[in-house]
Amino acid sequence: MLDLSVNLGGLQLANPIMPASGTFSEDLADVFDLDVIGAHVTKTITREKRSGNPTPRVCEVKGAMLNAIGIPSKGIEHFLTHTVPFFNRYQAPLVASISAPSADEFARLCEEVSVEGVAAIEVNISCPNIEEDGKAFAMRPHTTSNVLNKLRQATDKPLWAKLSPNTGEVTEVALAAQEAGADALVVANTLLAMAIDIRSRKPKLGNLMGGLSGPALKPITLRMAYQCAKAVSIPVIGCGGIATLDDVLEYLIAGASAVQVGTATFISPMTMVHLVGELQEYMRTNNITSLSEIIGSVRDDEASDKPVMQEIGQ
Amino acid sequence: MLDLSVNLGGLQLANPIMPASGTFSEDLADVFDLDVIGAHVTKTITREKRSGNPTPRVCEVKGAMLNAIGIPSKGIEHFLTHTVPFFNRYQAPLVASISAPSADEFARLCEEVSVEGVAAIEVNISCPNIEEDGKAFAMRPHTTSNVLNKLRQATDKPLWAKLSPNTGEVTEVALAAQEAGADALVVANTLLAMAIDIRSRKPKLGNLMGGLSGPALKPITLRMAYQCAKAVSIPVIGCGGIATLDDVLEYLIAGASAVQVGTATFISPMTMVHLVGELQEYMRTNNITSLSEIIGSVRDDEASDKPVMQEIGQ
Amino acid sequence: MQKKTLQAALGHPETALTAFEVPTTVLSNKPVNAEYHLLVVSAPEEILACTPGQFFNLLCPVSDAHSPYLRRPMSIYGFDRHKRRLSFLYKVAGEGTGALTALKRGAILPVLGPLGHGYSIKDDWQKLLIVARGVGLATLAPLAQYARQQGRQVTAICSARSQAALLSTDYFRQLGVNVIALTDEDGTSDTQNLRSIIEKQIAENGVDAFYTCGSNRLLAMLQELSRHYGIEGQVALEQQMACGLGMCQCCVRPFNRDGEQVQLRVCREGPVFDLMEAIPC
Amino acid sequence: MQKKTLQAALGHPETALTAFEVPTTVLSNKPVNAEYHLLVVSAPEEILACTPGQFFNLLCPVSDAHSPYLRRPMSIYGFDRHKRRLSFLYKVAGEGTGALTALKRGAILPVLGPLGHGYSIKDDWQKLLIVARGVGLATLAPLAQYARQQGRQVTAICSARSQAALLSTDYFRQLGVNVIALTDEDGTSDTQNLRSIIEKQIAENGVDAFYTCGSNRLLAMLQELSRHYGIEGQVALEQQMACGLGMCQCCVRPFNRDGEQVQLRVCREGPVFDLMEAIPC
Ligand SMILES: Cc1cc2nc3c(=O)[nH]c(=O)nc-3n(C[C@H](O)[C@H](O)[C@H](O)COP(=O)(O)OP(=O)(O)OC[C@H]3O[C@@H](n4cnc5c(N)ncnc54)[C@H](O)[C@@H]3O)c2cc1C
Ligand SMILES: Cc1cc2nc3c(=O)[nH]c(=O)nc-3n(C[C@H](O)[C@H](O)[C@H](O)COP(=O)(O)OP(=O)(O)OC[C@H]3O[C@@H](n4cnc5c(N)ncnc54)[C@H](O)[C@@H]3O)c2cc1C
Ligand SMILES: Cc1cc2nc3c(=O)[nH]c(=O)nc-3n(C[C@H](O)[C@H](O)[C@H](O)COP(=O)(O)O)c2cc1C
Ligand SMILES: Cc1cc2nc3c(=O)[nH]c(=O)nc-3n(C[C@H](O)[C@H](O)[C@H](O)COP(=O)(O)O)c2cc1C
Ligand code: FES
Ligand code: FES
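Residue numbers (this note's numbering), protein chains in the order written: chain A, 1 to 314; chain B, 315 to 628; chain C, 629 to 909; chain D, 910 to 1190.
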């Protein structure tokens, strides 16, 4: 029997394909039965209602996109009364993505979303931390530690820390999150970028800068997923530029235990459905019975060409 | 008269288009007269001969490439006796890119390349600093300060600091470089990335990881060039994913005073020639007489849509 | 792809599936004037249960010349469930629409839809006035057709830069719509003249509802007239989109709803909105 | 682009221009068997001053199905300066060559070249033995032609998986080359048999120089024979490339030169190297 299931620090998923926060919502149920995918990850919510960034909020760059949606949120109330019940019609576990501008507020929200029907909490620590210098929690190991410690105390649910690719210290941040008690890491969020309309000379995003996502991001976040998987012992969930089966396999081989699909769903809303089917087919064709045969199987000690150094025939 | 010239901290270039280090060599003279471009920037050299990284050294990713060439170098001797004389046949100024694994060795090499015929020195501080924890100098402000201070003392030539996009503190690093006496900043080098062949499960680069360059990099390095140009008062030279006139204009509008073209030359070796011509044509068509009308002209205070808030007609 | 998963995904929905990601086949794709192309595709029946004002999100082809990445939203210009035909009238603007022009008969065009909420006609809206500029008329063509099928009286005031840029007026006339064409080149399209023509319509013929789209100038004017004469109406709006489904929240615009300013998604709550709720920007 | 700059760049070179980035026009592009395609283009005269063993770097077309980014190096299979024709024989391997298969007559294919150093024939090399496997023969076809024009005696031993996979043997025969074909399916292509056939050639006919390309197995065997019989030779090698011009240093391979192991660029110092300097890997 083919086994597509994965266990992410205690949470069992029927398959390793799930959406990335902010690129998924109830609305996708218009296109396919949401129970086909491994989990449901919500758009990041905040406690309070928020309206998000000014428009234009997205733009296209070569083979990728930038977004500065911000975190428009209907608040915790709406989440508990509408979002949770909606997703509880499905078998796939619900992962609530949350964020807050200070560690204490973060912890409070974490406690409040720790309700029945929420299977895990993904903490979007790529948002600015107003208590420090406004840099995102996930930029540095010590701010990651601080917030994760408080979050850990606020919930017994599995806690996934979503890292930022903007830091120069991603493995240090990963280790800090693990030490503070994260059950899994999501690697990674979008990378800060910019585009300018040369005719109007205006930035293409209302917020000036925004996050790069899509295929262009993949080689960068794949590298980070690999580095993190090498450094930590908790599961890594790969995220960034995944659109094809090859992308999924690349992350799994690099060491990710599951993957999140973001922008690809905008280009092709059936992407996740196809990926689940293609992964199954790949395993069947290659006589692979369990994902564990793929995860972390990168042959990184055999990467370089080894020229035959001795003269042949002598 | 159309004026394409730029002054980069004392060094005058006939036009703002020059090659990026490592993507240019004497060999390009096979394809066009090298005096058409604004400057000649050499591949980074080290004092000693070095052989560089194992193959495979490059691979292709979606709309971009990764490289882990390393710094194969014929050494300072060959540089002084061959490279400098070759380029001195041309009018365009020669910029020597150098690197070393410690600040003192860096300074020593800097002194040695400060010869007649070398117009400016670009210091590739994105290479590992073996004295600290092996992280590149350009990853942190203090290591940048340390090495730039020594480099500044080693030469009277214009000193260009080439920053790394791998840091989470690019403006802090930019400021540190400026304070330590850099005459210009090159923003930026390649971004650490990875690709895995899913059939062999081997990393596609012999070195496991390598630098992303090409169009996928542009939105990221453009953002950094913008941030640096806002933060410092010395000229910024934009670099990353430039292939078209629009790309050049985007960097100039963002605040770059000149640009370096890297990977695009691999795809189309005439790229720089075309860019010089198209820039000239653009200025003529738009009645722009000097590049100063373009540089830094981004309308960043007008980026967001302003809905008409008052009810019309009341 | 694995058939079972696909069947599972499409076969046992918890909620009814309403939007479909499917390939269509190009039947024709021709310029109708210097700026606009008419694209007709053969489409599977399930996506043709659509209403006027809805749109599709098109995956434009990639080539050496064009590399669109996101899909491009396009209003339905015409649809015929019986003949399995779907058409779009598009203005060649940039990367995506530029890429569309290269589609030849027989080419595959992946579409996603139908999306959003279209126009509706209240029972007591018997006399409809459509006001549109340029390609705006495209969005309103299927509405005009539907309204005529419902036996409503329809007048359409179309303005454009030139006579050559006036689109679909013949088609509107064929439907039995009273067409009033105004152009910049004839000097008939200025706000003043347009306003007095509309007021004349109201006075002489009577208008139960306004329908418009796109232009802020028209929207603002119709809101004023609506307030003044107590005439209701609907407007189709545009905004930059990514997903087209309601997931990404990039396509929001501000609206006045119940005295409050709210952000609504053009792709989901729209693209057709109550005339008075829209805020011109 | 600005004409003046282009003229300046091409008109007053400090050093003679030898490589050209130019568009060519596809004349034909057809499969020759299950794996290989023959691509013939019409090319400007200046790029046809090439020598056998040199190569071009091709910019493969981008489409929905294929998105190659880097150029792809291809040996010259045939060139005719008089007719302004250039041809490539390519194996459909992945993204780039997959994209090439879509090129239709009349399509534009941008090429860069001619690049690298090709084969040379010393004056006293009168009897040449070409040994190649599969597509390797392609690289050697223009050499065989040139050698025959120079009046040299040429024998070619070609091995392939099957008779159907044997390429260009008819072309070689037309040139007056003595062709010996070996296939896996006939069981004639094993190393032992190949070796004894070569040794028979040396013994009965005499061989002044070996020419080969590609396969490590062949290279190693020919080096052994070369050492044993004192026969010189040349080999064309492949390596992953980016620039094709010598700038990026990605295409290096190790070579034995003057007792030292050195890294040489396949695109610049090669792709044809002295047989004994190459290191099989
Ligand atoms: C619901 C809806 C229905 C539409 N119906 C039609 C129609 O029937 N006919 C028609 O010609 N056009 C229509 N448009 C506008 C059409 O989507 C844009 O002209 C088109 O996306 C431009 O793409 P481009 O790549 O050619 O231009 P570019 O300028 O290169 O596009 C860059 C980006 O901006 C977006 N964009 C540009 N203009 C618009 C716009 N006006 N609205 C939304 N996004 C835009 C593009 O989608 C793309 O993401 C509609 C837009 C919406 C939102
Ligand atoms: C000097 C030279 C001459 C060549 N001449 C021929 C020829 O006449 N006919 C022919 O069929 N093939 C030839 N090749 C090999 C040909 O370049 C590759 O088969 C082709 O690049 C594969 O590209 P792809 O995108 O289809 O394959 P992919 O596997 O998708 O390519 C991925 C990357 O690897 C590179 N690559 C893959 N295989 C090779 C290879 N063998 N050598 C170098 N780079 C490779 C590609 O260029 C590309 O950058 C030659 C190679 C070199 C270096
Ligand atoms: C429009 C958009 C909105 C996003 N919103 C969120 C968010 O609210 N919270 C979050 O953690 N990540 C958010 N992300 C980041 C994605 O979850 C994901 O990390 C990123 O897009 C990289 O994956 P991709 O390349 O597959 O899109 C958003 C991404 C996009 C494109
Ligand atoms: C093959 C290759 C080799 C490079 N070698 C160097 C180098 O030696 N020194 C350096 O500072 N940058 C080097 N770079 C980085 C480029 O100079 C440039 O910063 C980077 O490629 C981004 O620009 P691009 O996207 O235009 O290529 C190299 C880049 C490539 C692709
Ligand atoms: S386009 Fe994504 S929410 Fe409207
Ligand atoms: S391919 Fe760039 S040096 Fe050979």
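Backbone N, C-alpha and C fix where the C-beta goes; we use that ideal spot for every residue, glycine too. This one's a predicted model, so the numbers in the text were calculated from it and none came from an experiment.
Assignment of beta-bridge partners to C239 (chain A) by DSSP yields A:Q260. The beta carbon of P1163 (chain D) sits no closer than 9 angstroms to any beta carbon of chain C. Chain B places a beta carbon closer than 9 angstroms to that of L1021 (chain D), counting this residue as a contact. By the 16-neighbour rule on beta-carbons within 10 angstroms, K828 (chain C) is exposed. Close CB contacts of D814 (chain C) within its chain, under the 8 angstroms cut and outside five residues either way in sequence, are with Q791 (chain order).
In this structure, M224 (chain A) and V170 (chain A) form a Cβ contact; the two beta carbons are roughly 5 angstroms apart against a cut-off of 8 angstroms. DSSP lists no bridge partner for H991 (chain D).
Counting along the chain, the unbroken alpha helix (DSSP H) around P85 (chain A) starts and ends at V84 to F87. Within the DSSP secondary-structure output, N942 (chain D) pairs in no beta bridge. Between F401 (chain B) and A918 (chain D) the beta-carbon gap is near 17 angstroms, outside 8 angstroms, which marks them as no contact.
Nearest neighbour of T577 (chain B) by Cα position, chosen from B:T585, B:I551 and B:I534, turns out to be B:T585. D973 (chain D): not part of any alpha helix (DSSP H); DSSP gives it neither H nor E. The distance from the Cβ of L526 (chain B) to that of P158 (chain A) is about 33 angstroms, inconsistent with a contact at the 8 angstroms cut-off. At a beta-carbon threshold of 8 angstroms, the residues of chain D lying near V690 (chain C) are V971, S972, D973 and S976, ordered along the chain. H946 (chain D) sits buried, since 16 or more C-beta atoms from the chains shown fall within 10 Å of its C-beta.
Taking a cut-off of 8 angstroms for Cβ pairs, the segment 227-241 of chain A and the segment 282-291 of chain A do not touch, as fewer than three such pairs fall below it. Residue-level contact by beta carbon holds for S200 (chain A) and chain B, with a gap shorter than 9 angstroms. Neighbourhood of D344 (chain B) in chain D, by CB distance below 8 angstroms: T924, L926, T927, A928 and L1154, in chain order. Between A1187 (chain D) and L1128 (chain D), the C-beta spacing is below 9 angstroms. Fully enclosed alpha helix (DSSP H) runs of no fewer than 4 residues occupy 141-154 of the segment 132-172 of chain A, in order along the chain. In the three-state reduction of the DSSP assignment, T1121 (chain D) falls in the strand class.
Within the segment 37-68 of chain A, the residues whose Cβ lies closer than 8 angstroms to any Cβ of chain C are, in chain order, K43, S51, G52, T55, P56, R57, V58, C59, E60, V61, K62, G63, A64, M65 and N67. Looking at the DSSP output, R1166 (chain D) bridges to D:E1169. In chain order, V58, M65 and F266 make up the part of chain A whose C-beta sits under 7 angstroms from the C-beta of A870 (chain C).
Only residues of its own chain outside the window of five on either side were considered, and among them C1067, L1076 and S1077 have a CB closer than 7 angstroms to the CB of L1046 (chain D), listed in chain order. Residue pairing by DSSP places C59 (chain A) opposite A:L66 in a beta bridge. Residue pairing from DSSP leaves S5 (chain A) without any beta-bridge partner. The Cβ atoms of T46 (chain A) and T265 (chain A) lie no closer than 9 angstroms to each other. Residue pairing by DSSP puts V935 (chain D) in a beta bridge opposite D:V950. Look at the beta carbons and you see the segment 425-443 of chain B touching the segment 460-478 of chain B: at least three pairs across the two are nearer than 8 angstroms. As DSSP reads the structure, L11 (chain A) sits in a beta bridge with A:L8. Contact between I512 (chain B) and A254 (chain A) does not hold, since their C-beta atoms are separated by about 10 angstroms, which reaches or exceeds 8 angstroms.
Buried is the label assigned to E564 (chain B), since at least 16 other Cβ atoms lie within 10 Å of its Cβ. Annotation for L740 (chain C): no alpha helix (DSSP H) segment contains it, though the beta strand (DSSP E) segment containing it runs I736 to L743.
Bounds of any alpha helix (DSSP H) do not take in R515 (chain B), whose DSSP letter is neither H nor E. DSSP places V590 (chain B) in the uninterrupted alpha helix (DSSP H) bounded by T585 to T599.
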